[in-house]
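What follows is one structure encoded as structure tokens, with my remarks underneath.
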Amino acid sequence: MKTFCGRANPTTGALEWLEEDENYDYHQEIARSRYADMLHDKDRNVKYYQGIRAAVSRVKERGEKAIVLDIGTGTGLLSMMAASAGADFCYAVEVFKPMANAAVKIVEKNGFHDKIKVINKHSTEVTVGPDGDMQCRANILVTELFDTELIGEGALPTYEHAHKYLVQEGCEAVPHRATVYVQLVESKRMWSWNKLFPVHVEAEDGEKIIVSPSEMEDCPGVPSVCDIQLNQMPSSDFTILSDVVTMFSVDFSKPVRSTSTSYRVQLEPVKSGKAQIVLSWWDIDMDPSGMINCTMAPYWVKSTSAFQWRDHWMQCVYFLPNEEPVLQGEKVYLTACRDEYSVWYKLQKARGEEENKAAVRVESPVCRCQAHLLWNRPRFGQLNDQNRTRQYIKSLMKVLKTDSVCLCISDGSLLPVLAHYLGAKQVQYFLMLLFFSKFFKANNLEDKIKIIEARPELLTSSHLEDKKISVLVGEPFFTTSLLPWHNLYFWYARTAVTSHLTSNVTVLPQSASLHMMIVEFQDLWRIRSPCGTCEGFDVQTMDDMIKVRRLKIVSAQVSAKQNETHLGLKKYLWLLKNLYVRQNTIVLVFKLLVLYKVTGFDPPPLPSKGKSHGAVLWMEYHLAADISVNTGLMQISNEKGNCEWNPNCKQAVYFFSSVIESETPLDLPSAVTYAINFNTKTGEIAMDFKL
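Residue numbers for the sequence shown follow UniProt numbering, so the first one is 1 and each next one is one higher.
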């Protein structure tokens, strides 16, 4: 049985209906893309296996049967580890049916069907008793319910319920405990992901400053964590203001409480500066002694020789509600507040003990300005990018005249303000983000810039007061865009408003080009590579399942069905290490009315050594003569071919079949041929690569 699902095409803006299986689960489908990364995480798997062996041994030494409860079993890997370590029986709980079915097959294939029972339920629905899912309570609790923030996947309420109803008092737990660490830093780069900085514009009548509304300046933001690969962030991007301290720990072998609470530590700044950011990470001890430890600590805390790359567990960036000046040696209090699923922080100057306690509030911060709800962190980074803004200012100065009637089509853009300050007679702005009316008011422009609350195809002459548009501008940026070329919605919007444009209209950007580069990744390829065996257990069934299911990932919106297996990954490549393999190639050029397709380009010569994991694709927007904005490769940084990428834009990654189908990618092929075509009707790109 099938069901039809509606979705808005991010490129054309049109509503489309897709046929999907009735059991299709979008969120789980996306989440499952990280399973390969977890199975390839050697450090994680080895530590879990060591901890499970030790827990089973401790129970056996007490003369007890080892009964294991594995919550969130996934592939069944941890249960198989327990059974192999001598556990008498394992209950493997998995709520997602396709994963539970895969676990049953994997357990059977590895010969543990008589030792492991897979239960396809949420753990809170599992029953215990003669007629229940479990015959008795377990005395070993094994879980892997953690995300980068530790508690974001609901670990605390799950543990709380398990201790009440599913495991014995004093049970063994693997992991035994988790500890969260914090460090206070100042970072202009990271702070630019949370607050909008003033923008200085040199106009003919003097300097203008674009400021944020007070609601945005004072807004505490949202409690959602910013997870990031801190191991790839250069030390020059932040200033350390405090030592690393322990924020809180959770002992999983004892009853756990998930109710909201707070923790507080005293910090003595090691350097004066502006406290803006709390960096945080955690580690887990697999045994009570802490001898078996798996840590997420970044490179400046632990030796890089022990560094394990992973994409499923990273490090956390938390933004303080406002930046706070701190002085070296002058003590401050850092408070961590949490609910069941998230953590947030506040910093206070050291005052009287009772006064500080009274100032602690556990309530989650609420965004009052709407910007933090509608913009992601990289969008803040884009708007704070001074070099990027200068490119738009230079191009606007080239095209604007005193009688220009300007129309802006982009989400939450500063372009209408720039156009007004640079001399446009009249500026119209399609209202895509409601809070921008407050933004115009804060800059005394509410009567200078007209907001049009309509989609481009519904634009009428009355909206424009019967005037024709002489300058059409866009960054372009739209919040619905998932892949780089989705911002070509501007191209479709431009077509929709054609009747309202002057015959000699100027369009900015004038054109856009899709760029491609073949790359070798140091680590990223693992998240799409099959595992085969993991710690001696055959998980090929999972590899096959991911390969088939990836065909159905709708969120990626990648055109041709046969190619969806390979594409759909959006990554901020500036936080990854990759090696340059092929020169930058333009494969498609988009102009106002004409689309040039470039297919089957003869590829340039390839180096004789290395591996070819896939292609990276990005857009470049050509604003005016010799002025452009690049969303991808900025430069090749050294002779080894390491690349520097735009940090505020996601690039698309297409993995070659050698990565998808082989546990060890092949050496670099002698040639790569490709065909890349843009469907003007659907706004989708079809790709085909042959090695």
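Beta carbons: idealized from backbone N, C-alpha and C, even for Gly.
Practice item. Please name the residue in Phe197, Ala173, Trp313 whose C-alpha comes closest to that of asparagine 231. Key: Trp313
Practice item. Assess, as a yes-or-no matter, whether the stretch 74 to 88 is touched by the stretch 110 to 128 under the definition of 3 or more beta carbon pairs within less than 8 Å. Key: yes
Exercise for review: State the Cα-Cα distance for the pair glutamine 386 and serine 289, rounded to the nearest angstrom.
Suggested key: 51 Å
Exercise for review: Could you have a look at arginine 351 and say whether DSSP puts it in helix, strand or coil?
Suggested key: coil
**Study point:** Enclosing beta strand (DSSP E) for residue 692 [first to last residue]
**Key:** Nothing about residue 692 can be read from this structure; the chain reaches only from 1 to 691.
Practice item. Return the CA-CA distance between proline 623 and threonine 498, expressed in angstroms with no decimal places. Key: It should be pointed out that residue 623 corresponds to leucine in this sequence rather than to proline. Whole-angstrom Cα-Cα distance: 19 Å.
Review point. Which residues does DSSP pair with glutamine 635 in a beta bridge?
Key: Glu644
Exercise for review: Tell me, please, whether the stretch 407 to 419 touches the stretch 465 to 482 by the rule of three or more beta-carbon pairs shorter than 8 Å.
Suggested key: The stretch 407 to 419 vs the stretch 465 to 482: in contact.
**Study point:** Cβ neighbour criterion (16 or more within 10 Å) applied to arginine 455
**Key:** exposed
Check your understanding: For methionine 134, is the classification buried or exposed, using 16 other Cβ atoms within 10 angstroms of its Cβ as the cut-off for buried?
Key -> It counts as buried.
**Study point:** methionine 80, DSSP secondary structure in three states
**Key:** Here DSSP, grouped into helix, strand and coil, assigns methionine 80 to helix.
Practice item. Scan the stretch 453 to 486 and note each continuous beta strand (DSSP E) run of 3 residues or more that stays entirely inside, going in chain order. Key: 469 to 473
Check your understanding: For valine 93, is the classification buried or exposed, using 16 other Cβ atoms within 10 angstroms of its Cβ as the cut-off for buried?
Key -> buried
Review point. Should lysine 42 go down as buried or exposed, given a rule of 16 or more other Cβ atoms within 10 Å for buried?
Key: Label assigned to lysine 42: exposed.
Point to revise | Beta carbon of isoleucine 140 nearer than 8 Å to that of isoleucine 67 | key: yes
Exercise for review: Measure the Cβ-Cβ separation of isoleucine 151 and arginine 310 and say whether it is below 8 Å.
Suggested key: no
Point to revise | Where alanine 371 sits in the DSSP three-state scheme | key: helix
Practice item. Quick one: residues in its chain with C-beta nearer than 6 Å to the C-beta of lysine 394, no 5 flanking neighbours on either side, listed in chain order? Key: Ile627
Practice item. Leaving aside the five residues before and after serine 253 along the sequence, list all residues of the same chain whose C-beta is less than 8 Å from its C-beta, in chain order. Key: Here the set comprises Leu141, Gly170, Cys171, Glu172, Ala173, His176, Arg177, Pro288.
Check your understanding: For arginine 494, which of Cys406, Ile52, Phe435, Val56 has the nearest alpha-carbon?
Key -> Cys406
Point to revise | Entirely enclosed beta strand (DSSP E) segments - the stretch 169 to 221, minimum 3 residues | key: 177 to 186, 199 to 203, 206 to 210
**Study point:** Contacts around lysine 577, its chain only, beta-carbon distance under 6 Å, and the 5 residues preceding and following it disregarded
**Key:** Gln522
Check your understanding: Does the stretch 113 to 133 touch the stretch 231 to 247, meaning 3 or more C-beta pairs lie closer than 8 Å?
Key -> no
Check your understanding: At which residue ranges does the stretch 75 to 155 contain complete beta strand (DSSP E) runs of 3 or more residues, listed in the order of the chain?
Key -> 89 to 93, 116 to 119, 138 to 143
Review point. Going by other Cβ atoms of all chains shown within 10 Å of its Cβ, with 16 needed for buried, is lysine 47 buried or exposed?
Key: That one is buried.
Review point. Contact between the stretch 270 to 277 and the stretch 319 to 338: three or more CB pairs below 8 Å?
Key: yes
**Study point:** Under 8 Å between C-beta atoms of isoleucine 292 and aspartate 285
**Key:** yes
Review point. Using the rule of at least 16 other Cβ atoms within 10 Å of the residue's Cβ for burial, across every protein chain shown, is valine 180 buried or exposed?
Key: Per the 10 Å Cβ criterion, buried.
Review point. Nearest to histidine 40 by CA position, among Leu77, Ile685, Val185, is which residue?
Key: Leu77
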